[in-house]
Amino acid sequence: MPILITNISNNLVKEAIKLIQAEKTIVILNKGLELDIHAPYQVEYVDLLDPEKTSSHIRDILKRALQEGEVELALEADAMGLKILESAKDYEIFKKKNIFVVKNGKIDKFKACLC
1149 MPILITNISN NLVKEAIKLI QAEKTIVILN KGLELDIHAP YQVEYVDLLD
1199 PEKTSSHIRD ILKRALQEGE VELALEADAM GLKILESAKD YEIFKKKNIF
1249 VVKNGKIDKF KACLC
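So the sequence shown is numbered by the numbering used here: it starts at 1149 and just counts up by one.
As structure tokens, this is what we get:
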């Protein structure tokens, strides 16, 4: 079962877990934010005000997750989602893969080309 990496902080994260059939979920949030739901997810906090440190931290999260197994992304279309996508392009596995994105209050998938 895959590992879900996401920045979704509301109940849609549960839908993403179900769609992806994730065994483990890592939620990446901006420092100072909290999850809107209570669940046993691993939460990683980054500081978007320090772009270099944020990118490095996200790459480390992705690297560790990829060492554990298959990784899927489900993202909100915001600054953090963009930062996660930018960091994911460093990994070949994400170059042509379905990415799940929150759109109009629902989760849609699209084929990402992170070239």
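Cβ atoms here follow ideal geometry from the backbone N, Cα and C, with glycine treated the same way.
Rounded distance between the beta-carbons of residue j and residue i, thought under 8 Å
i: residue 1151; j: residue 1166; result: The pair is not a contact, with the Cβ atoms about 15 Å apart (cut-off 8 Å).
i: residue 1181; j: residue 1157; result: 7 Å
i: residue 1236; j: residue 1174; result: About 13 Å separates the two Cβ atoms, so there is no contact after all.
i: residue 1223; j: residue 1249; result: 6 Å
i: residue 1153; j: residue 1221; result: 6 Å
Alpha-carbon to alpha-carbon, residue j and residue i
i: residue 1189; j: residue 1208; result: 18 Å
i: residue 1198; j: residue 1163; result: 31 Å
i: residue 1205; j: residue 1251; result: 26 Å
i: residue 1247; j: residue 1211; result: 17 Å
i: residue 1228; j: residue 1183; result: 14 Å
Helix, strand or coil at residue i according to DSSP, with G and I counted as helix
i: residue 1166; result: helix
i: residue 1256; result: strand
i: residue 1151; result: strand
i: residue 1156; result: coil
Sequence-distant residues of the same chain with beta carbon closer than 7 Å to residue i, five excluded per side
i: residue 1301; result: Residue 1301 is absent from the structure shown; the chain starts at 1149 and stops at 1263.
Cβ shell of residue i (< 8 Å), same chain only, five flanking positions each side left out
i: residue 1202; result: 1194, 1195, 1196, 1231
| field | Length at least 3, wholly inside the stretch 1164-1231: the beta strand (DSSP E) runs in chain order | value | DSSP runs (the beta strand (DSSP E)) wholly in the stretch 1164-1231: 1172-1178, 1190-1194, 1219-1224.
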